[in-house]
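In the numbering used here, the protein residues as written are -1 to 175. Note that CB positions come from ideal geometry on N, CA and C, so glycine has one too.
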Amino acid sequence: MLLRAWRSGDAQAGDLLVRVLYRELHDMARRRLRGERPGMTLQTTALVHETYLRLIDQRQVEWRDRGHFLALAATTMRRVLVDRARARRAGKRGAGEPAITLTDAASAGVNSADQVLDVDRALERLTASYPRPARVVEMRFFGGLELEEIGAVLGITERTVKRDWAFARAWLARELA
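Now the structure itself:
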């Protein structure tokens, strides 16, 4: 409703929309960064701001609804985290970082540049063969969305999301081992 009003030129709807979207992004970032090691260089607010700026900069994309926005936000948040990991890795080259395991991706505490990049590369391979489970992982792991939110975004049942999540976790665990 706000999207339609904003697209029709309602400036107040645009202002309210920005506040709502910012809160959504903040919730996503908080869920994603929960459990990270103390002193991690990327804080929730910084992740929100970078994601928000990238989303707003995508002028050619028209958000259809909340679900479409959440899906784009999860993808954008993933790109922000991967870009920051690449920058950190370029500086450190990952010396002494442990290998990642993906027993529960939502709380895995992936916090090293190499770990984020390993997950990103594995997710690219998963996307090539199994696109929907890959989207589930992207929204859950990088976007911090709950299973029911993912189901609403993808237009599938929560049960199907759970199956895709279980399959993708097992597939990624094997790939990352």
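Assignment of E144 by DSSP, reduced to helix, strand and coil, places it in the coil class. In the structure shown, R62 falls within a coil segment according to DSSP collapsed to helix, strand and coil. The residue among A168, R157 and L0 with its C-alpha nearest the C-alpha of R64 is L0.
Apart from the 5 residues on each side of it in sequence, R52 sits with its Cβ closer than 6 Å to the Cβ of T74 in its chain, given in chain order. Approximately 7 Å separates the beta-carbon atoms of V151 and M137; this is inside 8 Å, confirming the contact. Per DSSP, the continuous alpha helix (DSSP H) segment holding T158 begins and ends at E156 to L174. In the three-state reduction of the DSSP assignment, G149 falls in the helix class. Short of 8 Å from the beta carbon of L68, and not among the five residues preceding or following it, lie these beta carbons of its own chain, in chain order: E22, M26, M137, G141, L143, E147 and V151.
By the neighbour-count criterion, in which a residue is buried when 16 or more other Cβ atoms sit within 10 angstroms of its Cβ, A83 is buried.
By the 16-neighbour rule on beta-carbons within 10 angstroms, G149 is buried. With at least 16 other beta carbons inside 10 angstroms of its own, Y50 counts as buried. Rounded to the nearest whole angstrom, the C-alpha separation of L121 and L170 is 7 Å.
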